[in-house]
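Going by the working numbering, the first residue of the sequence shown is number 44, and it counts up by one from there.
Report on the following structure.
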Amino acid sequence: MAIKNSSFVFGVSVSDYNFIGREQESRQLKLNFEEGVNTIIISPRRWGKTSLVQHVRKMISPDVITVYVDIFGCKSEYEFYNTLVEALLKQTASTMQLWMDNARDFLARLSPKISFAPEPTSEFSVALGITQKTHTPEEVLNLAESIAEKKGKRIVICIDEFQQIGEWSDSISMQKKLRSIWQHQKMVSYCLFGSKKHMMSDIFQNKKMPLYQFGDLIFLPKIPKEKWVDYIVSHFAERQRTISDNLAGQICDFVDGYSSYVQQLAWHVFSLIDEGDIVTDEHIQYAMDNLMGSCELLFLEQTNPLTEYQMNFLRAISAGVQTGYGDAEIRTEYNLGSASNIPRLKTALIKADLIESDGNKFQITDPVFACWFKKRFMN
Ligand SMILES: Nc1ncnc2c1ncn2[C@@H]1O[C@H](COP(=O)(O)OP(=O)(O)O)[C@@H](O)[C@H]1O
Ligand SMILES: [Mg+2]
C-alpha cells in the first residue's frame, strides 16, 4: 500500500506535496547557484528559508555541487569549522568510504598532531577534532576551493541559521576572516541564510561590518494568500473534507500568512472534522484557540522574564501604537517610564525577537503570540 502524504506539515522543512509557491525566488536562487553568485536570504523564523534552499538544491544542474550545513548548534568559531568541514567532506564525496578517506587525508596532511586524541576537556574537541592547534582558519576555509578544483565542479555552500555567528565572541574578526578568504574563491560561492532580522541586517547591511554587501540580498516575502487558499482547499478535498475558499482564507488571515502557522492552523482545523464533513466558522475559531493553547508554554517562557515596562511596551504595540512611544501622552497612558527608557525597551524586545521594525514602525513578530498576548494581558 502506498503511504499517504501528510495533509499539512509544520515545524520541519517541507517539500513536494507540502511545498507551494516560491516560483520567482526559486528561479533567482537557482540562477545564483549555477552562476556562482553569493546570496543572502533573510526572513523571520519559519517562513520557509530552509524549505526554499532545499527545494532549489534539487533543481540544480549536476555540474554544481551544493553543500548544506546548519550551524544552529555551533557556539564558537572552531565548532563552526568542524561542522563546515564535515558537511563539505561528506556531501562532496560519492561514497562513505571516500569521505572518510578525504577526512583522514585533510586532517592528517595538514596536521600530524591530529593522530593524538584531542584532550577531552578542550572545548574544541568536537567531531573531526579540528582545533586552533591543528588548523588555521585559512586552511579550513580554503578546503572547499581545493575540492572544487580537484573535482572540476563549482560548489555552493549553503549555511543555515547564519545569524548564529553574530552571537560568538570575536564575531567581527571571524567575519573579517570569512570575507577575506571567501571573496577570492573562484569555484565556490555561498548562500547564507537566517532569521533574526536585526542580527542578519547588521551583518550584511551595516557599512562598517566585514560582510557588508557580500552578495545578492533576498528578503523572503510571505507566500501569497491565493496560494494558501488553493493548497488548503485541495488538501482537504483530497481527504474527502470540504472547506470554502473564504474559510481557507480566514485560516491564512488569522495567522497573518505566517507559513508554518498557516499549515499548523490548517492541521488543527482538519483534525476537528471527519470524512464527508464541512468546515464552519466555529471550527476555525476553536482551532485557533487550540493553536494558542499549544503555543502557550513557549509564549510564557518568553514573557516571564520581561520587566513591567517591557510588558507595557508590548501592550502599547498590541493596542496598535506603532510609533511615537516617546510622547509624554503615550508614555503616561501605557506607563512606559521616562523618554530615555524607550530606546532600551525597544532594544531589549528586538533582541528577544518579540518585536521588529520596518523603518520606524514596530510590530509584534509572531502573529499567534500577538493574538495570545492580547487575549491574556489586554482585558
Ligand atoms: N514553500 C512552502 N510551502 C508550504 N509551506 C511552507 C513553505 N515554506 C515554509 N512552509 C511552512 O513553514 C514551516 C517552516 O519552514 P522552514 O523552511 O523550516 O522555515 P525557516 O527555515 O524560514 O525557519 C514549514 O514546516 C511549513 O509548514
Ligand atoms: Mg530554517
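Where a beta carbon is used, it is the ideal one built from N, C-alpha and C, also for glycine.
Under the three-state reduction of DSSP, R282 is assigned to coil, being neither helix nor strand. T93 has its Cβ nearer than 7 Å to a heavy atom of ligand 2. C-alpha of N422 to C-alpha of I83: approximately 42 Å in a straight line.
By the criterion of a C-beta distance shorter than 8 Å, D203 is surrounded in its chain by K92, T93, V96, Y111, V112, D113, I114, F115, F236 and G237, once the five residues flanking it on both sides are discounted. Contact check between the stretch 174-189 and the stretch 44-61: fewer than three CB pairs, one atom from each, fall below 8 Å, which does not count as touching.
Under the three-pair Cβ rule at 8 Å, the stretch 309-328 does not count as touching the stretch 338-354.
A distance below 8 Å separates the beta carbons of Q283 and G319.
Short note on I266: C-beta closer than 7 Å to some heavy atom of ligand 1. Taking K417 as reference, the option from E68, N355, E269 and K404 with the minimal CA-CA separation is N355. Note on A291: 16 or more other CB atoms within 10 angstroms of its CB, so buried under the neighbour-count rule. Sorting K251, V52 and P410 by C-alpha distance to the C-alpha of F342 places P410 at the top.
Per DSSP, reduced to three states, the secondary structure at S400 is strand. Segment contact: the stretch 222-241 against the stretch 184-201, three or more CB-CB distances shorter than 8 Å; contact assigned. The Cβ atoms of R89 and S302 sit closer than 8 Å to each other. Fewer than three beta-carbon pairs drawn from the stretch 211-228 and the stretch 127-144 are found closer than 8 Å, and the two stretches are therefore not classed as touching.
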